[in-house]
Amino acid sequence: MTEDVRVLLAHQDAPTSAGIGMILEADGFEICGEAVAATPAVEIAVRSEPDICLIEENLPGGALIAVDAIYRRMPATKLVLLTDSDDPNSLLAAVRAGASGYVRTDLDPARLTFTLRGVLAGEAALSRRLTFALLETLRTRERGRSAPTTPGGPSMTDRELEVLELLAEGLRTSEIAARLAIAEVTVRRHVSSAVTKLGVEDRAAAVAVLTGRERA
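Terminal number for the sequence shown in this note's numbering: 216, no gaps in between.
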């Protein structure tokens, strides 16, 4: 990338925040601000205009409160939560608040930077463990139910649903294309069509709708 990606780190533990910052800076990211609680995180985000906010799930003052406040003020800023949990309900709550997803705190450093760059490109941040849990949630739903639609809108096709489920597994566009033996541009077209039909803003929200929960 030609310019550094500006990142706000919101984490209550200073050594952990410093360690994450070193990992990101080593890969060309710029740490434009740090916060240890929700309120200052929102204030710093508004002031520094980061490209990405990386927020601890257990941030004092409420991580989802910070996510919601930043998303409402700065919808172009990508919001990603750091978590130790594998609870798919927490993932869905974060997406509803405005997050592009979660990453595990024990994620490999190279994978972390790769994932954040993917978020900037429009990918959802879904770690393997979390997406497996989310997939299990999907599998418990009745397979014979009607495909989701927007009110009065067209039904989702089987292929669009298949692509969304693979997104929920954590696969990237290139991986989905290889799995389904189709072109990457075709995958993107299916995602775009699904997002339009569901009346949501991005692929992360589309995955949430697939599980029966919409971003508020």
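Don't be surprised by glycine CBs; every beta carbon is placed ideally from N, CA and C.
Query	Result
Spatial distance of I182 from G61 (CA atoms)	45 Å
Residues near T186 by beta carbon distance below 8 Å, same chain, minus five either side	A177
Short Cβ contact (8 Å threshold) for A125 with T115	yes
CB contact flag (I55, A10, <8 Å)	yes
Best match in T77, R104, S174 and V119 for proximity to V42 [C-alpha to C-alpha]	T77
Whole beta strand (DSSP E) elements within the segment 30-93, 3-residue minimum	52-56 and 78-83
Closest by C-alpha distance to R6, when choosing among A194, D108 and V46	V46
Alpha carbon of A63 to alpha carbon of L81, nearest angstrom	8 Å
Same chain, Cβ closer than 7 Å to D27, neighbours up to 5 away in sequence not counted	T113
For L164: DSSP bridge partner residues	None; L164 has no bridge partner.
Range of the contiguous alpha helix (DSSP H) that encloses L8	Segment V5 to A10 is the beta strand (DSSP E) holding L8; no alpha helix (DSSP H) there.
G21 - containing alpha helix (DSSP H), residue span	A14 to A26
Bridge partners - L126, DSSP secondary structure assignment	Y102
Residues of its chain near P50, where Cβ-Cβ distance is below 8 Å and the 5 sequence neighbours each way are ignored	R6, V7, L8, C32, G33 and T77
Boundaries (first-last residue) of the alpha helix (DSSP H) holding I182	It is not in any alpha helix (DSSP H) - I182 carries neither H nor E in the DSSP assignment.
Through-space distance from L180 to L161, alpha-carbon basis	13 Å
Extent of the continuous alpha helix (DSSP H) to which A110 belongs	P109 to L120
Exposure of L198, with buried meaning 16 or more beta-carbon neighbours within 10 Å	buried
Rounded separation between P75 and D158 - CA only	31 Å
Assigned secondary structure, R96 (DSSP; H/G/I helix, E/B strand, else coil)	helix
8 Å Cβ cutoff met for T219 and R188	For the chain, the structure presents residues 1 to 216; residue 219 sits outside this window and is missing.
Helix, strand or coil at S174 according to DSSP, with G and I counted as helix	helix
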